[in-house]
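What follows is a single structure, written as C-alpha cells, with notes after it.
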Amino acid sequence: MKTNLSFLLALACVGVNPVLGQGMLMVDNPALPSGEANAITFSGGIFAANDMVPVSHFGDAPWPADYRTREGTNLAVGNMRAAFGTRRGDWSVGYFYRQDWLLKASRDTVDAHYLDQTNQLTSGARAFDLDYSLQGFSADGLRLAFSRANATADGGEWRWGVAASLMHGYDVRLEQAQGNLLTTVGSATLVGNRELFNTRLRAVPAAASFNAFSPGPAQDVPAGWGYSLDLGLSRNFRNGANLALAVNDVLGQIKWDRVPLITQNINGTFAGNTFNSGASAIVSGVNRYQSLTLDLKPKLRIEADYPLGETTLLARVEGVDGQWFPQVGISHAIASKWRVGLDYETRFGAAEISLRHANYYLALSSQSLKLNESQALGIAAGLSYAF
Numbered sequence: 001m002k003t004n005l006s007f008l009l010a011l012a013c014v015g016v017n018p019v020l021g022q023g024m025l026m027v028d029n030p031a032l033p034s035g036e037a038n039a040i041t042f043s044g045g046i047f048a049a050n051d052m053v054p055v056s057h058f059g060d061a062p063w064p065a066d067y068r069t070r071e072g073t074n075l076a077v078g079n080m081r082a083a084f085g086t087r088r089g090d091w092s093v094g095y096f097y098r099q100d101w102l103l104k105a106s107r108d109t110v111d112a113h114y115l116d117q118t119n120q121l122t123s124g125a126r127a128f129d130l131d132y133s134l135q136g137f138s139a140d141g142l143r144l145a146f147s148r149a150n151a152t153a154d155g156g157e158w159r160w161g162v163a164a165s166l167m168h169g170y171d172v173r174l175e176q177a178q179g180n181l182l183t184t185v186g187s188a189t190l191v192g193n194r195e196l197f198n199t200r201l202r203a204v205p206a207a208a209s210f211n212a213f214s215p216g217p218a219q220d221v222p223a224g225w226g227y228s229l230d231l232g233l234s235r236n237f238r239n240g241a242n243l244a245l246a247v248n249d250v251l252g253q254i255k256w257d258r259v260p261l262i263t264q265n266i267n268g269t270f271a272g273n274t275f276n277s278g279a280s281a282i283v284s285g286v287n288r289y290q291s292l293t294l295d296l297k298p299k300l301r302i303e304a305d306y307p308l309g310e311t312t313l314l315a316r317v318e319g320v321d322g323q324w325f326p327q328v329g330i331s332h333a334i335a336s337k338w339r340v341g342l343d344y345e346t347r348f349g350a351a352e353i354s355l356r357h358a359n360y361y362l363a364l365s366s367q368s369l370k371l372n373e374s375q376a377l378g379i380a381a382g383l384s385y386a387f
C-alpha cells in the first residue's frame, strides 16, 4: 500500500523534452517555419517540474520535511523529446523519441503520502480525501509534416501546417485511485479503489503486498502501436508581430494487446503508523493481462510576440488535461543573427534563459538558482544544417 500512494515513483522515467523553444510541454507547431527551406535538423531536451519537492529529491523516500502542497490540484509533469529529420521545401520527415508524464493529486493525497513515508500516518486524527491520477508513456516513431504559406493583402502572411506521426509504444503507466482515509492515534480506516496499468510490472508469486502482480502464468508484454496528429496555424503581420496556435496529439492513441493490470477495492482498518502495519483491510480485485488503448491528451499552445526595435515581447499559454501554464518573455538581438531571451512560467515559477541563432538554439530553465533545490528544471537544444 505504501507504493500505492507513492504515485510519484512513476516519474523515475521522467522525460526529456526537445525541440527549438517549444516551452515546457514541448508543443510543436507544424505551421511555423524554422530556418532554411532545405535542411537537416536535430533537437532534444527535457523538462520536469512538480509542486511538492525539488526535482532532485522527487524519488526520495522519505521526502524532505519541508515538502510543499497547494490548494486544489498538485501537479508533477515530465516531458522528453529527441528528434532527427530533414526538411525540403514545405515537407519534412524525421524520427523522434518522446516521453510524456502528467500526475495530478489532491493536497490530502500528498500529505498522506508523506506521513506514510515518515511513519507518522496514525500519529493524529484527520480525514483525508484521496484522489490522484497518472498518465505516462514512452514511444518513438516517424513523423511526416507539411506546411503552406499564403500572403495577405496587408503584406503579412497566413501559414498553416499539419503533421502525422506513427508511434511505437514502449512503457505505459496509467493509474487512478480515489478513497477516504480516516486516521486516529494508532489506527486508521481506508475505503477506496485503484486501477493500475503498468508495462513494468512483472509476475511474482502471490504475496501480501498491494503492488504484487500475480496473474497466474506470466506472459510477454508486446510493444504498442499508435498514431497522432498535430495541427498548426500562424499569422505574421507586416510590422513583424506574430500570432500562432498549435494543437498536438489530436485524436492520438496507442494500443497494447497485453498490459499488466491491477484493480483493487479496499475496505477496512489497519493499526500502526504506515499502510503496511497490521493491515486487516479487505482487499478484492484482479491481477491479469488486458488490452489497453491509451488516448493521448491533446496539448494546446497559443502565443503572440511583438517587436519593439531590437527587442521582442512574448506571451504564451500552454495547456493539457485542464491544466494551464501561462508564460511571458522578452528577447533582444545581440548580433545580426543572434538573440538572447528570458522567459518566465507562472505555474511552477520557472525562468528560462535562451540563446538563439538562425540555425542553433540553447535554453536552460530552473525555478531556483540553486539547481539541487529547484522544483522545475529543463534544458533544450537544437540545430539546423542547411543544404
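Under this note's numbering, the first residue of the sequence shown is numbered 1, with each subsequent residue one higher.
Quick reminder that beta carbons are idealized off the backbone N, C-alpha and C, glycines included.
### Task
Note down the Cα distance separating residue 313 from residue 328, rounded to an integer number of angstroms.
About 8 Å.
### Query
Under the three-state reduction of DSSP, which class applies to residue 4: helix, strand or coil?
Caution applies to residue 4, whose pLDDT of 38 falls short of 50 and renders its modelled position unreliable; the value that the coordinates give is listed next. Residue 4 falls in the helix class under three-state DSSP.
### Query
Count the other CB atoms within 10 Å of the CB of residue 361; is the residue buried (16 or more) or exposed (fewer)?
buried
### Reduced DSSP category for residue 114 - H, G, I as helix; E, B as strand; rest coil
The answer is helix: DSSP assigns residue 114 an H, G or I state.
### Task
Taking residue 391 as the reference, give the member of 57, 142, 88, 90 with the closest Cα.
This structure leaves residue 391 out entirely; the chain is present only between 1 and 387.
### Task
Specify whether the region 350-364 and the region 112-128 touch according to this definition: at least 3 beta carbon pairs, one from each stretch, less than 8 Å apart.
no
### Message
Can you tell me which residues form a DSSP beta bridge with residue 129?
### Response
180
#### Entry: Rounded distance between the beta-carbons of residue 180 and residue 192, thought under 8 Å
7 Å
### Beta-carbon spacing of residue 286, residue 302 below 8 Å
no
### DSSP-derived helix/strand/coil call for residue 27
Of the three classes helix, strand and coil, the one that applies to residue 27 here is coil, per DSSP.
### Task
Apply the 10 Å Cβ neighbour rule to residue 21 and answer buried if 16 or more other Cβ atoms are within range, or exposed otherwise.
Interpretation of residue 21 is limited by its pLDDT of 48, a score under 50 that renders its predicted location unreliable; the figure taken from the coordinates is listed afterwards. Label assigned to residue 21: buried.
### Query
Where do the ends of the beta strand (DSSP E) carrying residue 269 lie?
Run containing residue 269: 242-271, per the beta strand (DSSP E) assignment.
### Residue range of the unbroken beta strand (DSSP E) whose run includes residue 400
With the chain covering only 1 through 387, there is no way to say anything about residue 400.
#### Entry: Touching by the beta-carbon criterion (3+ pairs, under 8 Å), the region 156-172 and the region 123-132
no
### Query
Between residue 224 and residue 103, what straight-line distance do the alpha-carbon atoms span, to the nearest angstrom?
22 Å
### Task
Could you please give me the residues that DSSP links to residue 205 through a beta bridge?
BP columns for residue 205 are empty, so no partner.
### Message
Tell me the DSSP secondary structure of residue 373 in three-state form.
### Response
helix
### Query
In whole angstroms, what separates the C-alpha of residue 268 from that of residue 80?
40 Å
### Message
Any contact between the region 210-223 and the region 294-301? By contact I mean 3 or more CB pairs, one from each, below 8 Å.
### Response
no
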